[in-house]
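Visitor:
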Amino acid sequence: MISYLIFGISYAFAAAVQPGPLQTYIISQTLKRGWRSTLPAAFAPVISDLPILVLVLFLLSTMPDNFIVILRIGGGLFLLYLGFRAFKSWQEFDTDQTISDESSQQTLINAVFVNLLNPAPYLGWSLIMGPLFLEGWRIAPINGITLILAFYLTMILTLAGIIILFGFARKFGSKVSKILLGLSSIVLFAFGIYQLWQGIIYSALG
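Numbering of the sequence shown is given in my numbering, commencing with residue 183 and proceeding in unit increments.
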């Protein structure tokens, strides 16, 4: 059980701190709305991974190869949309903006969609977490349960730490926050273009 606990913690931490679409999105939202409004987005992997887990374990093996292509293209388009919204927020940046409950809910919803349209969780579950979970569950159900709990608790805490950390960046002044927000919009655009490019390449090869 200890080995599954250690792997769940270490793999979740590595996945959470690596630059990716979800991390970039929550950072951009933190700079725009503040850490309190963005904090619910730390739970996005838990919400989005449930259908991903079911899909990977029961359906993905029967899907045609071009499924990842469709996923990449859809995710790329959505990331471009989020990048455009971040760019508009950069243009209209206001450090005194009032944050509503609706904005917090919308941030969580968008973060869930970012993760759903990101191929990384599908690949991670199909190649790493899925087989390890099934292996541990066959030995003893507590192993699989420990792996899942360790993974998602670590993921939530690490993402929450990232949100709070970048939330303090707003304290350094509106100019710094606006620059960082602009950079995050560029990265969102870059991830969107990259995913579209990957989808086109795989489609051409297929």
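Yeah, the Cβ is synthetic: ideal placement off N, Cα and C, and Gly gets one too.
A quick note: this is a predicted structure, and the numbers were derived from the prediction, not measured.
Are the CB atoms of residue 329 and residue 190 within a distance shorter than 7 angstroms?
Guide: Yes.
Visitor: Which word fits residue 215, buried or exposed, when buried means at least 16 other C-beta atoms lie within 10 angstroms of its C-beta?
Guide: With 16 or more Cβ atoms within 10 Å of its Cβ, residue 215 is classed as buried.
Visitor: Identify which residue in 209, 343, 331 and 381 has its Cα closest to the Cα of residue 228.
Guide: It is 331.
Visitor: Leaving aside the five residues before and after residue 371 along the sequence, list all residues of the same chain whose C-beta is less than 6 angstroms from its C-beta, in chain order.
Guide: For residue 371, where only same-chain residues beyond five positions count, the Cβ hits under 6 angstroms are 265.
Visitor: Under 8 angstroms, with one C-beta from each stretch per pair, do the segment 195-214 and the segment 364-383 reach the 3-pair mark?
Guide: The segment 195-214 is in contact with the segment 364-383.
Visitor: Return the Cβ separation of residue 295 and residue 260 in integer angstroms, given the expectation that the two are a contact with Cβ distance under 8 angstroms.
Guide: Rounded, the Cβ-Cβ distance is 6 angstroms, consistent with contact.
Visitor: What did DSSP end up calling residue 183 once you bin it into helix, strand or coil?
Guide: It is coil, neither helix nor strand.
Visitor: Can you give the Cα-Cα distance for residue 274 and residue 360, rounded to whole angstroms?
Guide: Going by the C-alpha atoms only, they are around 10 angstroms apart.
Visitor: Taking only the alpha-carbon atoms, compute the straight-line gap between residue 231 and residue 223 and give it to the nearest angstrom.
Guide: Between residue 231 and residue 223, the C-alpha separation is close to 13 angstroms.
Visitor: My assumption, with CB atoms under 8 angstroms, is that residue 195 sits in contact with residue 336. Please give the rounded CB distance.
Guide: About 6 angstroms separates the two Cβ atoms, so the contact holds.
Visitor: Just curious, the alpha helix (DSSP H) that residue 223 is in, first and last residue?
Guide: Element bounds for residue 223: n/a, residue is neither H nor E.
Visitor: Report the option in 298, 327 and 299 whose CA atom is closest to the CA atom of residue 311.
Guide: Nearest C-alpha to residue 311: 327.
Visitor: Along the chain, where does the alpha helix (DSSP H) that runs through residue 213 open and close?
Guide: Looking at the DSSP string, the run of the alpha helix (DSSP H) that includes residue 213 is 203-215.
Visitor: Would you report the Cα separation of residue 319 and residue 333, rounded to the nearest angstrom?
Guide: One C-alpha to the other measures close to 15 angstroms.
Visitor: With distances taken between CB atoms, is the gap from residue 203 to residue 348 smaller than 7 angstroms?
Guide: Contact: no.
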